[in-house]
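Chains as they are written, first to last, in the working numbering: chain H, 1 to 466; chain Z, 1 to 164; chain E, 1 to 628. Have a look at the structure below, then the notes.
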């Protein structure tokens, strides 16, 4: 049986012997007789959270850790039952990854350190010139424009005022001002751009680095296929975590915001230079509050990955609530008093995050098109109850998208449930239920490739290589 | 055949659709069915032709234990014209995602002209089975990945055989 | 849907552009990047925030014609069989549903006032993004002789001067080559230059297309196997991958092609380029203002003969009243409203009699030489499955027949290999499916009128659908002075503006090319061992004509390829052309008429790449002009 180990802590021969008895996927050949052996891409761990979905939601769950894979119970032909299993998986993932370390509970206040915040941001992996990213623990890259800000070295750099762009041109020509496929930035009620991060966990990072997929050249040399490690429970709490990627949406804490209702972080809002639209390079210190959170987890039984998405509870009303007039006093991205604001429309171009507040008083007027289901709302209440007294009680699961027929021979997306899924902070302008056009995690990510056009296993991270 | 004397009308509808279209019931209506087009179709026919639909379901349910060819003959040849035509409307619904009203099918036959139709919904169009019988996909709706068209498609049985 | 930015306060723009299609968008973007202030007037709807509405409209329409995702609605009410009356629309346009026997000359159904004798069968859009929203993606360059038909083949007009008015372009392939490169990068074209250097097309040694080629389909492979090494009329049959504005790698932040087989009318995931991408880039410059639902109604000309402004009408509802009007001014004016609406606007601009024949029309040639690629469609069943309905609508073609001595006698053509089974040809899979369920034979595949069920039905559909394929022959129509755009004297749109009037016919030169196309189709199907099902058109099909094929009079049907060309041709002098090589009007120094209307000949390539190339060239001319 394999236990978690760090090769640097053991004599080389001993670590190799241990490796020989581990089943570690994609062990690079360089481990044989190489003095600086790279770590296993997806090491075996003994902390997998195996809580089944039919337990009562009690405080003990707060320290039960991060799941390596969804735990499901019969009946397996009941889609509502399975959806609950996947939603539990999402909540346990949220709780686990928002803890400061595995086995601890998420900390109560704002600015609490979380596990996922220590992961690598994609711009620190896909470097200019296709340079190698250094090891997992290499220090984060602080852009030149930020270095004069006091404390810059210890602040996280949140550089995306948009979620688009990969491909053939470097960051200074691509504008990082957008959501998937150029649909538009999200502007809060203070006229500030919402900012985004894309982070990968260590197994995902190691797969990229050890297969040299961090550069166009490396991708061209790679023989493929791209298959990220899959999380799995092999026995008891033992298993591997597999690849997990997180997308976070952050709102600038400003007038009208109660930071006590958000998980916050002090950060540097960095705007990379861009030619069109013309954006000058800039950096400033900001206090950010988490408003949206995606986690995608590759699992052995769901090779199409499992897609979980959370929002801060004050984000938006549903369109039904707007119609009925049953609005709260305050939302993050909706002004209840504005009756003439166009709903779910992106701001007029150009989008320059240096110009804040957004010119001409524009703020995004957002509604949630598809309401949460009753079972999800009930599950949210249960978890929010055990998270009472922490900022985490102010977050809710929107839903989890999972493949109902992962082995389908005719549908590579595995017939996802639910068919459509959108986070109002991350897919603001493509919400809906129109096939192909409206947001569906799997339908869109199914088209993801690396820079060569090779399918890249449901992640757009690889297309950002330079 | 899944239908028994105590089958729900929905199950009867699925089984009769499978018989007529030649596509496995578990392909038309998989055990886990996030799209649930079967319910949408059931409701649609129920709304359009409530009486004839009940007759059609009744013919099937009463004869569910017979060999397939016998049931098909009963429905498509021996029943009232209204039932016979409605069976065709049901088949076309599954195959094309469009509603070809029984009366329009009859008119088309008589005139040798294409029948009128209406698209049931965007979901119905994208779940049309005629495209799968071509081993392809509805035009405008592909779940597939770049370059697939240079390779052989999945087999016909991969599409219609359903979950074993 | 957004109607664009609010009406701007009067301000002198550097350039006013009428039309937000590919030419307008590309010029606006280049001007914006150069720091010029641009105002765009778009007659139709503005840019939507996503594809939801387009796709919903497409999925739920029965007639999935090229116009089906876009506004204005083809039918009113939507989903009915009643064509929207063009007289009720503020920015109407022709649709393929208007071409039937009962519709094409009916003012309550057809937008264009078609005088005949044959119907002009191509259509266009009036929306932000323009007609190129529903292009297939084919990004071919013209061959060098395409630019010099008159001198290369000694072609002269017929004795009446109404047909075969071939003229050399004032640009050669070599002149345009650098602009083709720029256009290929602006669009994002996937191809391998090694397969594209035929019939005189050449590339600089260092040039690489932006993306690797799109893989050939199984249909392509079947055709290639059968025709490779064969010749017809002494010309080789060579199947070549078609360069396409379709992502084979991530490009411009857009996804790679997923083979939705829906390029026409719309790519659901925007793997296929469309001009909204360039329009958004133009808006990103911060220099460009787009006014949608704004119809240019007259070009004003001052005493000095220069354009002094453009009058426009605005509306909120496509069938509501005009809600505003104004005049905009700029240092330069660009008409980019496509090859029917640009001449229409010019002809409407009378300036109280000062330009009685319209603007830019001193020599009377504006509106003349209307051309298309009349398309010959031939369809068949392959002996073995070729699995159509998969991949982009077309991935390969036969380009090797596009040039040769024969062009002195008859039109050339290129062959597009279709990947969509009999969808275009026979309305499949609907037609064949209804045939085998309802015991009919509209597809010709069910002569016994069997009504099938169960595995018999499955097998009949599978056996037939999987072997269906078609070939499309794009014939180079001669430029004929008799084919022209004028103003209707009896029909107006909802704004009271005269609708376009069309005269159209196919010359003997063009018909002879069609005949050669049919013979080529027959020969290719023979080589493949395929069974042909091409149907002879009904005698009363308006788009049918007779042509002699080896002594036998044969009735053939032509379709419009969607390639509207020629109505403001470019040339070397003011007597014989409307614009010069920069697409600048000879008559008004500050006016440019851009787009496929500038083409002196329709040539043998699909026009889009050449439209983009000359647009980018004109953009540079404008920038230089403004700097001088």
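Ideal placement from N, C-alpha and C gives every residue a C-beta, glycine not left out.
Taking residue i as the query, report the chain Z residues whose CB atoms sit under 8 Å from its CB, ordered along the chain.
i, result
"residue 417/H", "32, 34"
"residue 85/H", "Result: empty, since nearest Cβ-Cβ is about 12 Å, beyond 8 Å."
"residue 82/H", "32"
Taking the alpha carbon of residue i as the point to measure from, which residue in the options has its own alpha carbon closest?
i, options, result
"residue 257/H", "211/H, 314/H, 212/H, 207/H", "314/H"
"residue 270/H", "144/H, 128/H, 253/H", "144/H"
"residue 508/E", "547/E, 524/E, 186/E", "547/E"
"residue 139/Z", "349/E, 61/E, 372/E", "61/E"
"residue 469/E", "115/E, 96/E, 219/E, 249/E", "219/E"
"residue 355/H", "241/H, 238/H, 283/H", "283/H"
"residue 205/E", "93/E, 181/E, 303/E", "181/E"
"residue 350/H", "416/H, 139/H, 342/H, 360/H", "360/H"
"residue 91/Z", "23/Z, 80/Z, 9/Z", "23/Z"
"residue 333/E", "296/E, 514/E, 150/E, 614/E", "296/E"
"residue 482/E", "30/E, 158/E, 63/E, 71/E", "158/E"
"residue 220/H", "99/H, 62/H, 454/H, 286/H", "454/H"
"residue 164/E", "479/E, 235/E, 434/E, 261/E", "479/E"
"residue 317/E", "602/E, 514/E, 43/E, 209/E", "43/E"
"residue 13/E", "37/E, 29/E, 31/E, 298/E", "37/E"
"residue 204/H", "413/H, 343/H, 43/H", "43/H"
"residue 314/E", "320/E, 293/E, 171/E", "293/E"
Note down, in chain order, every chain H residue with its Cβ under 8 Å from the Cβ of residue i.
i, result
"residue 59/E", "434, 435"
What residues from chain E crowd round residue i, counting only those whose CB sits closer than 9 Å?
i, result
"residue 121/Z", "59, 60"
"residue 506/H", "Shown here, chain H extends from 1 to 466; a query on residue 506/H therefore has no answer."
What does residue i reach in chain H if we use C-beta pairs closer than 7 Å?
i, result
"residue 141/Z", "435, 436"
"residue 52/E", "432, 434, 437, 438"
When DSSP builds the beta bridges, which residues end up paired with residue i?
i, result
"residue 308/H", "295/H, 400/H"
"residue 322/E", "315/E"
"residue 74/E", "DSSP lists no partner for residue 74/E."
"residue 416/E", "397/E, 472/E"
"residue 177/E", "Per DSSP, none; premise fails for residue 177/E."
"residue 84/Z", "Per DSSP, none; premise fails for residue 84/Z."
"residue 239/H", "45/H, 233/H"
Could you list which residues in chain H have their beta carbon closer than 9 Å to that of residue i, in chain order?
i, result
"residue 43/Z", "Simply none; closest approach about 17 Å."
"residue 212/E", "452, 453"
Run through chain E and tell me which residues come within less than 8 Å of residue i, C-beta to C-beta.
i, result
"residue 88/Z", "437, 438, 451"
"residue 93/Z", "Neighbours of residue 93/Z on chain E: none; closest Cβ ~10 Å, over 8 Å."
"residue 350/H", "283, 284, 285, 286"
"residue 146/Z", "248, 256, 257, 258, 259"
Anything in chain Z within Cβ reach of residue i, meaning under 7 Å, just list it in chain order.
i, result
"residue 409/H", "154, 158"
"residue 56/E", "122"
"residue 413/H", "143"
Would you call the region 115 to 129 of chain Z and the region 438 to 449 of chain H touching, i.e. three or more CB-CB distances under 8 Å? no
For the region 427 to 444 of chain E, which residues have a CB atom closer than 9 Å to at least one CB atom of chain Z, in sequence order? 427, 428, 429, 430, 431, 432, 433, 434, 437, 438, 439, 440, 441, 442
Report the residues of the region 380 to 404 of chain E with a CB closer than 9 Å to any CB of chain Z, ordered along the chain. 385, 387, 388, 389, 390, 391, 392, 393, 395
Give, in chain order, every residue of the region 375 to 401 of chain H whose Cβ lies closer than 8 Å to some Cβ of chain Z. none
Taking contact to mean 3 or more Cβ pairs, one atom from each stretch, closer than 8 Å, check whether the region 308 to 315 of chain E and the region 144 to 164 of chain Z are in contact. no
Give me the subset of the region 17 to 37 of chain E whose CB atoms are less than 9 Å from a CB atom of chain H, sorted by chain position. 29, 32, 33
Got a sec: which bits of the region 209 to 231 of chain H sit with their beta carbon under 7 Å from any beta carbon on chain E, in order along the chain? Within the region 209 to 231 of chain H, no residue places its CB atom closer than 7 Å to a CB of chain E.
Can you pull out the residues from the region 587 to 604 of chain E whose beta carbon lies closer than 7 Å to at least one beta carbon of chain Z? none
Taking contact to mean at least 3 C-beta pairs separated by less than 8 Å, is the region 345 to 358 of chain E in contact with the region 112 to 132 of chain E? no
Within 8 Å, do at least three Cβ pairs link the region 64 to 74 of chain E to the region 250 to 268 of chain E? Segments in contact, yes.
Can you give me, in chain order, the residues of the region 439 to 464 of chain H that have a beta carbon less than 8 Å from any beta carbon in chain Z? Hits within the stretch, in order: 443, 446, 447, 449, 453, 455.
What residues in the region 66 to 77 of chain H have a beta carbon less than 9 Å from any beta carbon of chain Z? Those residues of the region 66 to 77 of chain H placed with their C-beta closer than 9 Å to a C-beta in chain Z are 76, 77, ordered along the chain.
Spell out a yes or no on whether the region 136 to 153 of chain Z and the region 563 to 582 of chain E are touching, meaning 3 or more CB-CB pairs, one atom from each, closer than 8 Å. no
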